[in-house]
Amino acid sequence: MFRLTLLGLISLFFGYPLTAIAATVTVNIQGFVFNPQTISLNEGDSVTWSNQDGVAHSTTQDALLWSSDLNPGGSFSFLFNTAGIYTYQCRFHPSMKATINVSSSGATDPTSCLFKWVESNYATFFAPAGNVSLLTFPPYIYRYYAETDSYLAVSSADNHVYYMFGADGIIHDVGLLSDWLGIAGCN
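Mapped onto our numbering, the consecutive letters of the sequence shown carry residue numbers 1123 to 1309.
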(Lines of atoms letter the chains of each structure in order from A and count residues from 1; the text may use other names and numbers.)
(Lines give C-alpha, C1' and ligand atoms only; values in the text may rest on other atoms or scores of the structure.)
Protein backbone atom coordinates (compact mmCIF):
# COMPACT_ATOMS: atom_id res chain seq x y z
CA MET A 1 0.00 0.00 0.00
CA PHE A 2 2.82 2.40 0.92
CA ARG A 3 4.50 1.77 -2.49
CA LEU A 4 1.27 2.55 -4.35
CA THR A 5 0.82 5.75 -2.35
CA LEU A 6 4.42 6.75 -3.04
CA LEU A 7 4.05 6.05 -6.77
CA GLY A 8 0.85 8.10 -6.81
CA LEU A 9 2.58 11.03 -5.14
CA ILE A 10 5.53 10.75 -7.50
CA SER A 11 3.26 10.78 -10.55
CA LEU A 12 1.67 13.97 -9.23
CA PHE A 13 5.12 15.34 -8.50
CA PHE A 14 6.39 14.71 -12.03
CA GLY A 15 3.09 15.24 -13.88
CA TYR A 16 2.71 14.86 -17.63
CA PRO A 17 3.20 18.21 -19.38
CA LEU A 18 3.97 17.85 -23.07
CA THR A 19 5.75 21.13 -23.60
CA ALA A 20 8.80 21.58 -25.78
CA ILE A 21 12.07 21.47 -23.93
CA ALA A 22 14.42 24.41 -24.25
CA ALA A 23 17.33 24.60 -21.88
CA THR A 24 19.29 27.53 -20.57
CA VAL A 25 22.85 26.75 -19.58
CA THR A 26 24.66 29.11 -17.22
CA VAL A 27 28.34 29.85 -17.78
CA ASN A 28 29.98 31.34 -14.71
CA ILE A 29 32.89 33.67 -15.31
CA GLN A 30 35.10 33.39 -12.27
CA GLY A 31 38.84 33.32 -11.71
CA PHE A 32 39.39 34.51 -15.29
CA VAL A 33 37.81 31.28 -16.64
CA PHE A 34 34.55 30.45 -18.45
CA ASN A 35 33.04 27.55 -16.52
CA PRO A 36 32.19 25.22 -18.16
CA GLN A 37 34.59 25.80 -21.03
CA THR A 38 32.83 23.39 -23.39
CA ILE A 39 29.05 23.12 -23.69
CA SER A 40 26.80 20.92 -25.83
CA LEU A 41 23.34 22.26 -26.65
CA ASN A 42 20.42 21.67 -28.99
CA GLU A 43 19.05 24.27 -31.39
CA GLY A 44 16.67 26.50 -29.44
CA ASP A 45 18.69 26.31 -26.22
CA SER A 46 20.33 29.40 -24.77
CA VAL A 47 23.35 30.32 -22.71
CA THR A 48 23.50 32.91 -19.93
CA TRP A 49 26.93 34.18 -18.94
CA SER A 50 27.29 35.50 -15.40
CA ASN A 51 30.35 37.55 -14.41
CA GLN A 52 31.27 36.56 -10.86
CA ASP A 53 34.72 38.19 -10.98
CA GLY A 54 35.56 41.60 -9.59
CA VAL A 55 36.63 42.91 -13.02
CA ALA A 56 34.90 43.43 -16.37
CA HIS A 57 34.90 40.58 -18.89
CA SER A 58 33.32 40.07 -22.29
CA THR A 59 31.83 37.23 -24.26
CA THR A 60 32.87 37.88 -27.84
CA GLN A 61 32.11 35.23 -30.45
CA ASP A 62 34.98 34.81 -32.92
CA ALA A 63 32.82 35.64 -35.97
CA LEU A 64 31.15 38.51 -34.03
CA LEU A 65 27.78 36.77 -33.95
CA TRP A 66 27.48 38.24 -30.45
CA SER A 67 29.57 40.41 -28.17
CA SER A 68 28.75 41.63 -24.72
CA ASP A 69 30.78 43.44 -22.07
CA LEU A 70 29.92 42.33 -18.55
CA ASN A 71 30.73 44.39 -15.48
CA PRO A 72 31.11 42.53 -12.17
CA GLY A 73 27.75 40.94 -11.33
CA GLY A 74 26.47 41.41 -14.90
CA SER A 75 24.93 38.78 -17.15
CA PHE A 76 24.13 38.27 -20.82
CA SER A 77 22.04 35.64 -22.66
CA PHE A 78 22.10 34.37 -26.23
CA LEU A 79 19.68 31.98 -27.99
CA PHE A 80 21.21 29.41 -30.36
CA ASN A 81 18.89 28.68 -33.29
CA THR A 82 21.46 27.22 -35.69
CA ALA A 83 23.55 24.07 -35.28
CA GLY A 84 27.31 24.57 -35.35
CA ILE A 85 30.45 25.02 -33.29
CA TYR A 86 30.82 28.45 -31.72
CA THR A 87 34.08 29.61 -30.17
CA TYR A 88 34.31 32.74 -28.08
CA GLN A 89 36.69 34.61 -25.82
CA CYS A 90 37.01 37.57 -23.50
CA ARG A 91 38.20 40.54 -25.53
CA PHE A 92 39.81 42.01 -22.39
CA HIS A 93 41.61 38.77 -21.51
CA PRO A 94 42.29 36.84 -24.77
CA SER A 95 43.54 33.75 -22.94
CA MET A 96 39.95 33.18 -21.72
CA LYS A 97 38.39 30.95 -24.41
CA ALA A 98 35.50 28.51 -24.62
CA THR A 99 33.41 26.50 -27.09
CA ILE A 100 29.71 25.82 -27.59
CA ASN A 101 28.59 22.83 -29.71
CA VAL A 102 25.01 23.20 -30.94
CA SER A 103 23.32 20.11 -32.40
CA SER A 104 20.20 19.89 -34.50
CA SER A 105 17.10 19.64 -32.31
CA GLY A 106 16.63 16.22 -30.78
CA ALA A 107 20.25 15.14 -31.17
CA THR A 108 20.82 14.95 -27.40
CA ASP A 109 21.09 11.48 -25.86
CA PRO A 110 17.88 10.27 -24.15
CA THR A 111 19.21 10.50 -20.59
CA SER A 112 20.33 14.11 -21.05
CA CYS A 113 16.99 14.87 -22.69
CA LEU A 114 15.13 13.46 -19.67
CA PHE A 115 17.26 15.48 -17.25
CA LYS A 116 16.56 18.67 -19.24
CA TRP A 117 12.84 17.89 -19.20
CA VAL A 118 12.84 17.39 -15.43
CA GLU A 119 14.89 20.58 -14.90
CA SER A 120 12.53 22.54 -17.13
CA ASN A 121 9.32 21.24 -15.58
CA TYR A 122 10.40 20.84 -11.95
CA ALA A 123 12.87 23.67 -11.35
CA THR A 124 11.56 24.01 -7.79
CA PHE A 125 13.09 20.64 -6.98
CA PHE A 126 16.04 20.38 -9.41
CA ALA A 127 17.93 23.68 -9.67
CA PRO A 128 19.95 25.20 -11.07
CA ALA A 129 19.22 23.78 -14.50
CA GLY A 130 21.76 23.63 -17.27
CA ASN A 131 24.49 21.48 -15.79
CA VAL A 132 25.59 19.64 -18.91
CA SER A 133 27.82 17.16 -17.09
CA LEU A 134 26.56 13.71 -16.23
CA LEU A 135 28.38 12.26 -13.25
CA THR A 136 28.84 8.59 -12.49
CA PHE A 137 28.73 6.58 -9.30
CA PRO A 138 28.10 3.02 -10.51
CA PRO A 139 25.48 1.93 -11.19
CA TYR A 140 24.14 5.51 -11.34
CA ILE A 141 24.52 8.26 -13.92
CA TYR A 142 23.35 11.40 -12.16
CA ARG A 143 23.32 15.16 -11.76
CA TYR A 144 23.59 17.06 -8.53
CA TYR A 145 21.61 20.30 -8.09
CA ALA A 146 23.36 22.48 -5.53
CA GLU A 147 20.63 25.09 -5.16
CA THR A 148 18.04 22.52 -4.11
CA ASP A 149 20.50 19.97 -2.65
CA SER A 150 18.98 17.23 -4.79
CA TYR A 151 20.06 14.45 -7.14
CA LEU A 152 18.48 12.98 -10.25
CA ALA A 153 19.83 9.62 -11.45
CA VAL A 154 19.39 6.71 -13.82
CA SER A 155 20.61 3.27 -12.78
CA SER A 156 22.24 0.90 -15.25
CA ALA A 157 21.45 -1.98 -12.88
CA ASP A 158 17.67 -1.82 -13.38
CA ASN A 159 17.10 1.05 -15.88
CA HIS A 160 15.05 2.96 -13.32
CA VAL A 161 14.98 6.70 -12.61
CA TYR A 162 15.78 7.83 -9.07
CA TYR A 163 15.87 11.08 -7.14
CA MET A 164 17.08 12.11 -3.71
CA PHE A 165 16.75 15.28 -1.72
CA GLY A 166 19.97 15.72 0.25
CA ALA A 167 18.17 16.63 3.45
CA ASP A 168 16.24 13.34 3.67
CA GLY A 169 19.03 11.08 2.31
CA ILE A 170 16.45 8.64 0.89
CA ILE A 171 16.81 7.39 -2.68
CA HIS A 172 13.37 7.33 -4.32
CA ASP A 173 12.65 4.97 -7.25
CA VAL A 174 10.18 6.58 -9.69
CA GLY A 175 10.04 3.75 -12.23
CA LEU A 176 11.39 2.61 -15.55
CA LEU A 177 13.57 4.92 -17.60
CA SER A 178 11.72 3.90 -20.77
CA ASP A 179 8.40 5.07 -19.28
CA TRP A 180 9.87 8.47 -18.34
CA LEU A 181 11.53 8.88 -21.74
CA GLY A 182 8.11 8.45 -23.32
CA ILE A 183 6.47 10.96 -20.97
CA ALA A 184 9.26 13.49 -21.61
CA GLY A 185 9.22 12.92 -25.38
CA CYS A 186 12.84 11.77 -25.36
CA ASN A 187 12.67 8.47 -27.26
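Cβ atoms here follow ideal geometry from the backbone N, Cα and C, with glycine treated the same way. Model, not experiment: these values are computed from the prediction.
query, result
"If we count Cβ pairs, one from each stretch, closer than 8 angstroms, do we get three or more for the region 1206 to 1215 versus the region 1180 to 1193?", "yes"
"Does the beta-carbon of E1269 have 16 or more other beta-carbons within 10 angstroms, so that it is buried, or is it exposed?", "exposed"
"For P1283, collect the residues of the same chain with a Cβ closer than 6 angstroms to its Cβ; drop the 5 residues on either side in sequence, then sort them by chain order.", "Here residue 1283 is Val; the residue named in the question, Pro, does not match the sequence. V1276, V1296, L1299, W1302, listed in sequence order."
"Let me know the secondary structure DSSP gives T1204 once reduced to three states.", "coil"
"So is F1202 buried or exposed if we call it buried at 16+ other beta carbons inside 10 Å?", "buried"
"Could you please give me the residues that DSSP links to V1240 through a beta bridge?", "V1240 pairs with nothing; no bridge assigned."
"Cα separation between N1193 and M1218?", "16 angstroms"
"If you check the beta carbons only, do T1148 and S1168 fall under 7 angstroms apart?", "no"
"Cα separation between T1160 and G1291?", "32 angstroms"
"The alpha helix (DSSP H) that contains D1167, what's its start and end?", "Unbroken run through D1167: none, as it is neither H nor E."
"Report the rounded CA-to-CA distance for F1154 versus S1172, giving the unit in angstroms.", "12 angstroms"
"List the DSSP bridge partners of S1277.", "Y1262"
"Label R1213 either buried or exposed according to how many other C-beta atoms from any shown protein chain fall within 10 Å of its C-beta, with 16 as the threshold for buried.", "exposed"
"Would you call the CB atoms of A1289 and W1239 closer than 7 angstroms?", "no"
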